[in-house]
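Peer 1:
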Amino acid sequence: MKKIGVIALASLGLLLASCGDKKEAATAGQEQSVAEKQGDVFTVDTAASKVNWKAFHKGGFAPRWGTLAVSTGELSVADNQLASGEFVIDMKSIKVDPASVTEKDKKYTDLEGHLKNADFFDVEKHPTADFKITKVEELAAGAQNAVEGANKTVSGNLTLLGKTMNVSFPAKVEIVEKSATLKAQFTVNRADWGIKFGTDETDPAEWMISKDIEIGIDVKAAQK
2 MKKIGVIALA SLGLLLASCG DKKEAATAGQ EQSVAEKQGD VFTVDTAASK VNWKAFHKGG
62 FAPRWGTLAV STGELSVADN QLASGEFVID MKSIKVDPAS VTEKDKKYTD LEGHLKNADF
122 FDVEKHPTAD FKITKVEELA AGAQNAVEGA NKTVSGNLTL LGKTMNVSFP AKVEIVEKSA
182 TLKAQFTVNR ADWGIKFGTD ETDPAEWMIS KDIEIGIDVK AAQK
């Protein structure tokens, strides 16, 4: 099987950093109880929402980036505060930005195909990923490398390849009239979800791929 050296994720536009400006690493742990739906329900605008991803070879070389589509979701708002929410990511929608594949001997379409197969996201077996909010708190002072304007710490269960891990990250949450937005950018270790291609340091063809994935979430929702 052809090995193309870079990987990527999901789970929910947003600007991602350059390789010299890593985003806040999300704290990952065991699955937690999902937050109770409260107040008004806002339906996610799937056309205006998306997840961006960015990944590298070790040392920050040869970055690749692209997008994933959000297929469905909702946010609940109580007392003008985000209380809960969830959204589903269409893993079959994974795209590689052609501008990120500059080598003459590589094609972005080959990378897309590789990301979809069993080495990475196995989209035929696991066509969706999802994120379910477990807690929303005020952002502690001094948070580093958060999305501009971050005002909350959002925790949630991220399910990928059938495995669920709870992650926490700084986010910018805005509630304006009948609309709600959630934006965040952070880094996760893909191996936590069992995505281990390229992590075998005994294989020179694999060890060069970083385990880190930068994720950008941009979710927009409106009250019907």
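Positions 2 to 225 (this note's numbering) are the ones given, in order, by the sequence shown. Backbone N, C-alpha and C fix where the C-beta goes; we use that ideal spot for every residue, glycine too. On a predicted model such as this, the values are computed, not experimentally measured, just so you know.
Taking 7 Å as the cut-off, is the beta-carbon of E104 closer than that to any non-hydrogen atom of the ligand ZN?
Peer 2: Looking for the ligand ZN in the displayed structure turns up nothing, as the structure carries no ligands at all.
Peer 1: Assuming A36 contacts S169 (C-beta within less than 8 Å), just tell me the rounded distance between them.
Peer 2: Between S169 and A36 the Cβ distance is about 13 Å, and since that is not below 8 Å, they are no contact.
Peer 1: To which residues does DSSP link T182 through a beta bridge?
Peer 2: E175 and K221
Peer 1: Which same chain residues end up closer than 8 Å to Y109 when comparing Cβ atoms and leaving out the 5 residues on each side of it in sequence?
Peer 2: Cβ within range, chain order: V97, D98, P99, S101 and V102.
Peer 1: Would you identify the three-state DSSP class for H58, choosing helix, strand or coil?
Peer 2: When secondary structure is reduced to three states using DSSP, H58 falls in the strand class.
Peer 1: Using DSSP with H/G/I as helix, E/B as strand and the rest coil, what is S101?
Peer 2: helix
Peer 1: Are the region 70-84 and the region 37-44 touching by the rule of at least three beta carbon pairs closer than 8 Å?
Peer 2: Two segments are said to touch when three or more pairs of C-beta atoms, one from each, lie closer than 8 Å; by this definition the region 70-84 touches the region 37-44.
Peer 1: Going by alpha carbons, who is nearest to V177 out of N118, F198, I210 and K221?
Peer 2: K221
Peer 1: Suppose contacts are defined by Cβ-Cβ distances below 8 Å. Is L159 in contact with G195 by that definition?
Peer 2: No. Outside cutoff.
Peer 1: By the 10 Å Cβ neighbour count, where 16 or more other Cβ atoms means buried, how is D22 classified, buried or exposed?
Peer 2: Confidence at D22 is low in this model, with a pLDDT of 45, below 50, so its placement is unreliable and the value that follows should be read with caution. The residue in question, D22, is exposed, as its Cβ has fewer than 16 Cβ neighbours within 10 Å.
Peer 1: Taking the alpha-carbon positions, what's the K93 to N152 distance?
Peer 2: 32 Å
Peer 1: Can you find the residues in the same chain that come closer than 8 Å, C-beta to C-beta, to P128, ignoring five residues on each side of it along the sequence?
Peer 2: Excluding positions up to five away in sequence, the list reads D91, M92 and K93.
Peer 1: Between which residues of its own chain and K133 is the CB-CB distance below 7 Å, once the five residues before and five after are set aside?
Peer 2: V35, E87, G157 and N158
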